[in-house]
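S.K.: Have a look at the structure that comes next, please.
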Amino acid sequence: MDPRVEEFMAQITAKNPGEGEFHQAVQEVAESLIPYIEENPKYKHAKILERIAEPERVVMFRVPWLDDKGEIQINKGYRIEMNSAIGPYKGGLRFHPTVNLSILKFLAFEQVFKNSLTTLPMGGGKGGSDFDPKGKSDNEVMRFCQSFMTELYRHIGPNTDVPAGDIGVGGREIGYLFGQYKRLKNEFTGVLTGKGIQYGGSLIRPEATGFGATYFAQEMLEAEGDGIKGKKVAISGSGNVAQFATQKVNEMGGKVITLSDSGGFIHDPNGIDQEKLEYVMELKNIKRGRIKEYAEKYGVEYHEGKRPWSVTCDIALPCATQNEINEDEAKTLIKNGCRVVSEGANMPSTPEAIEVFLNNKILFGPGKAANAGGVSVSGLEMTQNSMRLPWNRDEVDKQLQQIMKNIHHTCQKYGKEGDYINYVKGANIGGFVKVAEAMLAQGAV
Ligand code: NDP
Ligand code: 2IT
Numbered sequence: 014m015d016p017r018v019e020e021f022m023a024q025i026t027a028k029n030p031g032e033g034e035f036h037q038a039v040q041e042v043a044e045s046l047i048p049y050i051e052e053n054p055k056y057k058h059a060k061i062l063e064r065i066a067e068p069e070r071v072v073m074f075r076v077p078w079l080d081d082k083g084e085i086q087i088n089k090g091y092r093i094e095m096n097s098a099i100g101p102y103k104g105g106l107r108f109h110p111t112v113n114l115s116i117l118k119f120l121a122f123e124q125v126f127k128n129s130l131t132t133l134p135m136g137g138g139k140g141g142s143d144f145d146p147k148g149k150s151d152n153e154v155m156r157f158c159q160s161f162m163t164e165l166y167r168h169i170g171p172n173t174d175v176p177a178g179d180i181g182v183g184g185r186e187i188g189y190l191f192g193q194y195k196r197l198k199n200e201f202t203g204v205l206t207g208k209g210i211q212y213g214g215s216l217i218r219p220e221a222t223g224f225g226a227t228y229f230a231q232e233m234l235e236a237e238g239d240g241i242k243g244k245k246v247a248i249s250g251s252g253n254v255a256q257f258a259t260q261k262v263n264e265m266g267g268k269v270i271t272l273s274d275s276g277g278f279i280h281d282p283n284g285i286d287q288e289k290l291e292y293v294m295e296l297k298n299i300k301r302g303r304i305k306e307y308a309e310k311y312g313v314e315y316h317e318g319k320r321p322w323s324v325t326c327d328i329a330l331p332c333a334t335q336n337e338i339n340e341d342e343a344k345t346l347i348k349n350g351c352r353v354v355s356e357g358a359n360m361p362s363t364p365e366a367i368e369v370f371l372n373n374k375i376l377f378g379p380g381k382a383a384n385a386g387g388v389s390v391s392g393l394e395m396t397q398n399s400m401r402l403p404w405n406r407d408e409v410d411k412q413l414q415q416i417m418k419n420i421h422h423t424c425q426k427y428g429k430e431g432d433y434i435n436y437v438k439g440a441n442i443g444g445f446v447k448v449a450e451a452m453l454a455q456g457a458v
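So that you can map any letter, position 374 of the sequence shown is 387 in this note's numbering, and since no number is skipped, the others follow by simple counting.
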């Protein structure tokens, strides 16, 4: 490791003990940024990177709620307000039993660079709870969301901090959270994004992350005179991001052959077409069932407890969670001919896996660039809410495509290494510059 990175990471580790995911996210960025900062001493003297790695504010709170048996349950609630240099804090809420401070700080840190790359005026934040929506009734989810917002509402606002969805938080949860915020504040504002279309949501927001990750893969391929058409695509996850990535790959003429959940993955060599995808959407979003049921319905293989990276594919779209591709899996992907990885999830590849991808010079789109479509359309939802005027589907999709093109261009600009584009470096430096300049202009705050 570069001794300057080592020294910087020693400080981060000492200040944030036991936060492995946060250290991992910071180190990846520091490896790209520290050499760049050495060439641009104004950022070094102003300690921009040191400041970016310290949240502006962390809120932690108790979330008590009554389950259907009338018993009191207690969860932890969090909001990390990471950086507001270029706009109000913006980022999702994650409800998952694994949620802790380290995971939310890594996500909030990534969000700062991602939001900057979108070109829209959004700072970075993230929040959530260790609440597990799985197996809970709608009423339990509602009571939980109401209790969560009863504390969170005092920390957020349409010009302060605008949460949205992430793992375990979709349209249902955003609806309950918005209802409670409106009741407490007596205000109808764009304080959350991912809202239902009837009450201020934007068309294409549910689709945006999966569509965007696919557009980004297409951009990387087009830069080499190729495209998604005719390619075999392995996707992990079967939630919001995975579903709409599948739809867009199909629309672009590719074939999706895997989907997964925390139980295992299904392999459908004939492709998960639109009809089968509609079955998955019903299974996951309404029945809240397991992906295993797909294998039973369509008579395909189910690999219990496994991830899909052993399947031969041209393109991999990890769309489930962090650290879901390790070094061995990365090597297997490459050995089987995979040449494109576009990260729909946040930090799905371990540092060792990223090294394998970069050493093999494949097209590797890191999450902060490739999955920025979701927060981009959240930004467009904020704009529409402020104007009190909705845009049609085509208008939003056109803007999303343009934003993904712009992000790709920024990565090319800052990530060029001879005739190879290092998108990791490109996204890290490209995301950093705007935030760093804004922080310089605003003084030591
Ligand atoms: P969902 O809750 O809709 O779906 C999550 C999917 O990932 C499910 O299939 C889930 O399986 C699987 N999964 C979650 N945790 C694990 C785990 N620990 N191990 C294996 N599988 C797991 O979430 P999203 O689709 O919204 O989010 C997926 C990823 O995309 C996350 O990394 C998120 O941060 C990222 N992302 C999301 C955006 C958005 O707009 N929603 C925007 C940008 C990034 P199971 O049901 O079994 O838990
Ligand atoms: O990780 C992410 O970018 C999200 N979960 C979406 C954030 C948002 O504010 O739409």
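Where is the CB? At the ideal position from N, CA and C, for every residue including glycine.
Every value quoted in this text rests on a predicted model; they were computed, and no experiment measured them.
Report whether the distance from the Cβ of alanine 177 to the nearest heavy atom of the ligand 2IT is below 7 Å.
M.R.: Against the sequence shown, residue 177 aligns to sequence position 164. Yes.
S.K.: Are valine 390 and serine 129 closer than 8 Å when you measure CB to CB?
M.R.: Taking the first residue of the sequence shown as position 1, residue 390 is located at position 377. Taking the first residue of the sequence shown as position 1, residue 129 is located at position 116. Cβ atoms of valine 390 and serine 129: not closer than 8 Å.
S.K.: For glutamate 317, which residues does DSSP report across the bridge?
M.R.: Position 304 of the sequence shown, counted from the start, is the residue given in the question as residue 317. According to DSSP, which records beta bridges pairwise, glutamate 317 is partnered with Gly277.
S.K.: Excluding five sequence neighbours on each side, which residues of the same chain lie with their C-beta closer than 8 Å to the C-beta of asparagine 339?
M.R.: The residue labelled residue 339 in the question sits at position 326 within the sequence shown. Closer than 8 Å at Cβ, skipping near neighbours: Thr363, Glu365, Ala366.
S.K.: From the DSSP output, in three-state form, read off glutamate 63 for me.
M.R.: Here residue 63 is taken as the residue at index 50 of the sequence shown, counted from 1. Three-state DSSP puts glutamate 63 in a helix.
S.K.: Counting only the same chain and skipping the five closest in sequence on each side, list residues whose C-beta sits under 7 Å from that of lysine 268.
M.R.: Counting from 1 along the sequence shown, the entry for residue 268 is found at position 255. Excluding sequence neighbours, lysine 268 sits near Lys245, Val246, Gly284.
S.K.: With 16 as the cutoff for other CB atoms within 10 Å, does glutamate 309 come out buried or exposed?
M.R.: For the purposes of this step, residue 309 is identified with residue 296 of the sequence shown, where counting begins at 1. With fewer than 16 other Cβ atoms within 10 Å, it is exposed.
S.K.: Would you mind reading off the limits of the alpha helix (DSSP H) that contains glutamate 41?
M.R.: The residue labelled residue 41 in the question sits at position 28 within the sequence shown. First-last of the alpha helix (DSSP H) with glutamate 41: 33-52.
S.K.: Could you tell me how far apart the beta carbons of lysine 305 and tyrosine 315 are, in whole angstroms, since I believe they sit closer than 8 Å?
M.R.: Position 292 of the sequence shown holds residue 305. Position 302 of the sequence shown holds residue 315. Right, the Cβ-Cβ distance comes to about 5 Å (below 8 Å), so this counts as a contact.
S.K.: Per DSSP, what are the beta-bridge partners of tyrosine 228 in this structure?
M.R.: Translated into the one-based positions of the sequence shown, residue 228 becomes position 215. DSSP output for tyrosine 228 lists no bridge partner at all.
S.K.: Is there at least one non-hydrogen atom of the ligand NDP closer than 7 Å to the beta-carbon of aspartate 281?
M.R.: Against the sequence shown, residue 281 aligns to sequence position 268. No, the ligand NDP has no heavy atom inside 7 Å of this Cβ.
S.K.: Per the contact definition of three or more C-beta pairs closer than 8 Å, is the stretch 25-34 in contact with the stretch 400-410?
M.R.: Too few Cβ pairs lie closer than 8 Å, so no.
S.K.: Buried or exposed for histidine 58, please, with buried defined as at least 16 other CB atoms from any protein chain shown within 10 angstroms of its CB.
M.R.: As a first step, residue 58 must be located in the sequence shown, where it is residue number 45. Exposed, by the Cβ-count rule.
S.K.: Please work out which residues of its chain come closer than 7 Å, Cβ to Cβ, to lysine 374, disregarding the five sequence neighbours upstream and downstream, and give them in chain order.
M.R.: Here residue 374 refers to the residue found at position 361 of the sequence shown. Answer for lysine 374: Tyr433, listed in chain order.
S.K.: Here's the rule I'm using: 16 or more other beta-carbon atoms within 10 Å means buried, otherwise exposed. How should proline 30 be labelled?
M.R.: By 1-based counting over the sequence shown, the position of residue 30 is 17. Exposed: under 16 other Cβ atoms inside 10 Å.
S.K.: Do alanine 333 and glycine 250 have their C-beta atoms closer together than 8 Å?
M.R.: On the sequence shown, residue 333 is found 320 positions in, with the first residue counted as 1. On the sequence shown, residue 250 is found 237 positions in, with the first residue counted as 1. Contact: yes.
S.K.: Give the secondary structure of glycine 374 by DSSP, where H, G and I count as helix, E and B as strand, and everything else as coil.
M.R.: For this step, residue 374 is matched to residue 361 along the sequence shown. Checking the sequence shown, residue 374 turns out to be lysine, not glycine. In the structure shown, lysine 374 sits in coil (DSSP, three-state: anything other than H, G, I, E or B).
S.K.: Would you decide whether serine 150 is buried or exposed? Buried here means 16 or more other CB atoms lie within 10 Å of its CB.
M.R.: In the sequence shown, counting from the first residue as 1, residue 150 sits at position 137. That one is exposed.
S.K.: Give a yes or no on whether the C-beta atoms belonging to arginine 107 and isoleucine 180 are separated by under 8 Å.
M.R.: By 1-based counting over the sequence shown, the position of residue 107 is 94. By 1-based counting over the sequence shown, the position of residue 180 is 167. Contact flag set, yes.
S.K.: Three-state secondary structure (DSSP) at glutamine 335?
M.R.: By 1-based counting over the sequence shown, the position of residue 335 is 322. Of the three classes helix, strand and coil, the one that applies to glutamine 335 here is coil, per DSSP.
S.K.: With burial defined as no fewer than 16 other Cβ atoms inside 10 Å of the residue's Cβ, what is the status of glycine 203: buried or exposed?
M.R.: As a first step, residue 203 is located in the sequence shown; it is residue number 190 there, counting from the start. Buried, since its Cβ has 16 or more Cβ neighbours within 10 Å.
S.K.: Regarding glycine 181 and the ligand 2IT, is the C-beta to nearest heavy atom distance less than 7 Å?
M.R.: As a first step, residue 181 must be located in the sequence shown, where it is residue number 168. No.
S.K.: Out of Arg303, Asp281, Thr259, which one is the CA nearest neighbour of leucine 290?
M.R.: As a first step, residue 290 is located in the sequence shown; it is residue number 277 there, counting from the start. Of Arg303, Asp281, Thr259, the residue nearest in Cα terms is Thr259.
S.K.: Please work out which residues of its chain come closer than 7 Å, Cβ to Cβ, to arginine 320, disregarding the five sequence neighbours upstream and downstream, and give them in chain order.
M.R.: As a position in the sequence shown, residue 320 is number 307, starting the count at 1. Excluding sequence neighbours, arginine 320 sits near Ser249, Ser273, Phe278, Glu337, Glu342.
S.K.: Quick check on the DSSP output: the alpha helix (DSSP H) that includes serine 160 runs from which residue to which?
M.R.: Position 147 of the sequence shown, counted from the start, is the residue given in the question as residue 160. Its alpha helix (DSSP H) spans residues 151-165.
S.K.: Based on Cα-Cα distance, which residue from Ile241, Asp286, Ile416 lies nearest to alanine 329?
M.R.: Position 316 of the sequence shown holds residue 329. The shortest C-alpha separation from alanine 329 is found at Ile241.
S.K.: Just to confirm before moving on: does the CB-CB distance between glutamate 94 and aspartate 174 stay below 8 Å?
M.R.: Here the question's residue 94 lines up with position 81 in the sequence shown. Here the question's residue 174 lines up with position 161 in the sequence shown. Yes. Within cutoff.
S.K.: Compare the Cα-Cα distances from histidine 36 to each of Arg301, Lys118, Asn113, Pro331 and report the closest residue.
M.R.: Along the sequence shown, read from residue 1 onward, the residue named residue 36 stands at position 23. Of Arg301, Lys118, Asn113, Pro331, the residue nearest in Cα terms is Lys118.
S.K.: Looking only at C-alpha atoms, which of Asn384, Lys261, Cys326, Gly170 sits nearest to serine 399?
M.R.: Numbered from its first residue, the sequence shown carries residue 399 at position 386. Nearest C-alpha to serine 399: Gly170.
S.K.: Give me the Cα-Cα distance between phenylalanine 201 and tyrosine 212, rounded to the nearest whole angstrom.
M.R.: Stepping through the sequence shown from its first residue, residue 201 is reached at position 188. Stepping through the sequence shown from its first residue, residue 212 is reached at position 199. The alpha-carbon atoms of phenylalanine 201 and tyrosine 212 are separated by roughly 9 Å.
S.K.: Within the present structure, is the beta-carbon of histidine 316 separated from the nearest heavy atom of the ligand NDP by less than 7 Å?
M.R.: Here residue 316 corresponds to residue number 303 of the sequence shown, with the count starting at 1. For the ligand NDP, not one heavy atom lies less than 7 Å from the Cβ of histidine 316.
S.K.: Can you tell me whether valine 72 is helix, strand or coil according to DSSP?
M.R.: Position 59 of the sequence shown, counted from the first residue, corresponds to residue 72. Valine 72: strand per DSSP, three-state reduction.
S.K.: Specify, as a first and last residue, the run of the beta strand (DSSP E) that isoleucine 94 falls within.
M.R.: As a first step, residue 94 is located in the sequence shown; it is residue number 81 there, counting from the start. First, the amino acid is wrong: residue 94 is glutamate here, not isoleucine. Run containing glutamate 94: 85-96, per the beta strand (DSSP E) assignment.
S.K.: Counting only the same chain and skipping the five closest in sequence on each side, list residues whose C-beta sits under 8 Å from that of glycine 318.
M.R.: The residue given as residue 318 occupies position 305 in the sequence shown. These residues qualify, in order along the chain: Gly276, Gly277.
S.K.: Any heavy atom of the ligand 2IT closer than 7 Å to the CB of serine 391?
M.R.: Here residue 391 corresponds to residue number 378 of the sequence shown, with the count starting at 1. Checking every heavy atom of the ligand 2IT against the Cβ of serine 391, one is found closer than 7 Å.
S.K.: Where do the ends of the alpha helix (DSSP H) carrying lysine 411 lie?
M.R.: The count along the sequence shown starts at 1 and reaches residue 411 at position 398. Looking at the DSSP string, the run of the alpha helix (DSSP H) that includes lysine 411 is 406-428.
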